[in-house]
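Residue numbers for the sequence shown follow the working numbering, beginning at 214 and rising by one.
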Amino acid sequence: LTITGVQLFWLRMPLVAPFETSYGRVDRRECLLVRLEARHPEAGVVEGWGEVVADADPGYSYETTGTAWHVLTEFILPALPGRTFATPGQWRAACEWVRGHPMAKAGVEMALLDARSRARGVPLWQEYGGYPARRRIPVGVSVGIQPSLDALLATVERFLEQGYRRIKIKIKPGYEVEPVRALRQRFGSIPLMVDANAAYTLADAGRLRVLDDYGLMMIEQPLHEDDLLDHAALQRQLATPVCLDESVKHVHGAREALALGSGRIVNIKQGRVGGPIDARRIHDLCRRYGIPVWCGGMLETGVGRAHNIALTTLPGFTLPGDTSGSDRYYHEDVIDPAVRVGPDGTVEVPQEPGLGYRVVPERVEKYTLRHRSWHA
Ligand SMILES: CC(=O)N[C@@H](Cc1ccc2ccccc2c1)C(=O)O
Ligand SMILES: [Mg+2]
214 LTITGVQLFW
224 LRMPLVAPFE
234 TSYGRVDRRE
244 CLLVRLEARH
254 PEAGVVEGWG
264 EVVADADPGY
274 SYETTGTAWH
284 VLTEFILPAL
294 PGRTFATPGQ
304 WRAACEWVRG
314 HPMAKAGVEM
324 ALLDARSRAR
334 GVPLWQEYGG
344 YPARRRIPVG
354 VSVGIQPSLD
364 ALLATVERFL
374 EQGYRRIKIK
384 IKPGYEVEPV
394 RALRQRFGSI
404 PLMVDANAAY
414 TLADAGRLRV
424 LDDYGLMMIE
434 QPLHEDDLLD
444 HAALQRQLAT
454 PVCLDESVKH
464 VHGAREALAL
474 GSGRIVNIKQ
484 GRVGGPIDAR
494 RIHDLCRRYG
504 IPVWCGGMLE
514 TGVGRAHNIA
524 LTTLPGFTLP
534 GDTSGSDRYY
544 HEDVIDPAVR
554 VGPDGTVEVP
564 QEPGLGYRVV
574 PERVEKYTLR
584 HRSWHA
């Protein structure tokens with residue numbers, strides 16, 4: 214593939230409802246979209262789309278739309294037009310010199326895989342190395358911290374009616390045992406998990422051990438985002454599996470987490486770990502350790518959502534992920550059709566070349582704050 218053009222869009226989209234975690238509350242989401250135009254010897258000109266999943270503020274990670282805009286416009290995108298990448302690996306050699314900024318780099322790598330899959334005439338899941346058998350993927354939903362237990366119960370009831378296979382609720386110190394107990398009393402033994410977004414410390418082990426009585430699937434990222442050692446110590450005190458999210462920042466960190474026993478489940482997000490290639494490497498590593506993985510969500514637009522669906526077709530993704538329907542977050546997605554969750558709680562894996570969804574330029578434009586482009 215020879216890159217002939219690159220476009221970078223800075224988007225801001227309103228959310229259908231505020232989303233609250235242990236570290237903050239958002240009622241709109243920013244992200245960047247990367248659009249590549251490339252020429253392929255046989256296929257001619259193709260486009261590819263990727264999403265930089267960083268948000269407006271550094272609550273989840275140090276990356277923001279601002280840092281990614283800076284790194285991409287200053288150091289990565291200007292050099293792309295005219296470059297030829299026969300394999301995604303060659304792209305990696307070109308951007309490896311940039312330290313950190315995994316979400317910024319991942320946005321470009323996703324766009325490359327999309328363009329490559331269109332040039333090869335294969336669906337995106339094949340570019341990710343997925344299994345053909347996975348025609349539909351079971352998905353779960355992430356429920357933010359609610360203003361009251363009644364609001365929580367009503368929200369979860371609505372999502373269960375929509376078919377979601379797994380309920381994840383955000384927790385924080387002082388809001389964990391009551392909500393879990395209320396959900397168990399009301400909904401019985403539904404697949405249920407919690408995500409603390411790093412809000413606890415090892416000193417809270419006693420409080421988290423109370424959750425062992427509720428048969429949760431996992432406790433996601435209880436401790437500090439840079440921690441692996443204390444997570445291993447906590448896991449030894451808990452019956453419930455610890456799932457790592459923020460703490461697994463790259464393949465190297467995944468290796469250390471597995472060797473240390475920092476958790477028994479890993480949430481993989483291609484944005485957080487630096488792109489689809491490393492997401493697959495972490496998937497393969499976890500498989501060798503017998504560690505199940507699932508695809509986390511970053512409130513992506515349909516572009517990132519389509520990439521998440523493709524990633525989830527890899528065989529080690531045996532647990533429902535957070536790739537909910539477009540309507541879980543947005544009144545209108547930038548893709549057509551929107552990602553829809555069936556009544557059985559599954560999402561269809563597109564079989565057309567590329568994303569399998571059309572990115573609607575007018576909608577991208579509608580939500581775009583800033584836009585830059587480079588051409589060969
Ligand atoms: C679905 C889910 O819970 N995602 C993240 C947290 C999260 C929460 C809020 C966000 C707002 C803007 C961008 C990314 C965000 C990610 C998680 O698994 O920890
Ligand atoms: Mg998480």
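Virtual Cβ for every residue (Gly too), placed ideally from N, Cα, C. Note that the coordinates shown come from a computational prediction; the quantities given were computed from them, not determined experimentally.
Does the pairing of the region 308-317 with the region 227-234 give three or more beta-carbon distances under 8 angstroms? no
Three Cβ pairs or more, each shorter than 8 angstroms: is that satisfied between the region 252-260 and the region 548-560? no
Beta-carbon proximity check, residue 408 vs residue 382, cutoff 9 angstroms: yes
Curious, which full-length beta strand (DSSP E) runs of at least 3 residues does the region 241-311 contain? 257-265
Suppose you measure from the CA of residue 176 to the CA of residue 297; what does that come to, to the nearest Å? Here the chain has residues from 214 to 589 only, and residue 176 is not among them.
So does residue 538 have its beta carbon nearer than 8 angstroms to some heavy atom of ligand 1? no
Less than 9 angstroms separating the beta-carbons of residue 454 and residue 533? 9 angstroms or more divides the Cβ of residue 454 from the Cβ of residue 533.
Could you pull out every residue in the same chain whose Cβ sits closer than 8 angstroms to the Cβ of residue 580, ignoring the five residues on either side in sequence? 224, 225, 226, 547
When the Cα atoms are used, what is the spatial distance from residue 347 to residue 585? Rounded to whole angstroms, residue 347 to residue 585 spans 37 angstroms at the Cα level.
Report yes or no: do three or more beta-carbon pairs, one from the region 528-543 and one from the region 327-339, lie closer than 8 angstroms? no
Taking only the alpha-carbon atoms, compute the straight-line gap between residue 435 and residue 575 and give it to the nearest angstrom. 41 angstroms
Host alpha helix (DSSP H) of residue 521 (start-end): Counting along the chain, the alpha helix (DSSP H) containing residue 521 begins and ends at 515-524.
For residue 323, the three-state DSSP class (helix, strand or coil): In this structure, residue 323 counts as helix in the three-state DSSP scheme.
State the beta-bridge partners of residue 220 as determined by DSSP. In the DSSP secondary-structure assignment, residue 220 is bridged to 248, 586.
Looking at residue 497 and ligand 1, is the gap between the Cβ and the nearest heavy atom below 8 angstroms? In this structure, ligand 1 has no non-hydrogen atom nearer than 8 angstroms to the beta-carbon of residue 497.
Thinking C-alpha only, which one of 544, 221, 266 is nearest residue 509? Selected option, being the one with the closest Cα: 266.
Figure out for me which residue from 415, 412, 421, 374 has the closest Cα to the Cα of residue 391. 421
Neighbour-count burial assignment, residue 277, 16 or more Cβ in a 10 Å radius: buried
For residue 283 and residue 268, what's the separation of their Cα atoms in angstroms? 14 angstroms
Between the CA atoms of residue 340 and residue 301 - distance to the nearest angstrom: 10 angstroms
Please check the pair residue 249 and residue 317, which I expect to be a contact at CB under 8 angstroms, by giving their CB distance rounded to whole angstroms. Separation of the CB atoms of residue 249 and residue 317 is rounded to 15 angstroms, and the pair is thereby denied contact status at 8 angstroms.
To which residues does DSSP link residue 548 through a beta bridge? According to DSSP, residue 548 bridges with 572.
For residue 180, name the three-state secondary structure that DSSP assigns. Residue 180 lies beyond the stretch modelled for the chain, which goes from 214 to 589, so this question has no answer here.
Which residue wins for smallest C-alpha separation from residue 351, given the options 524, 569, 446? 524
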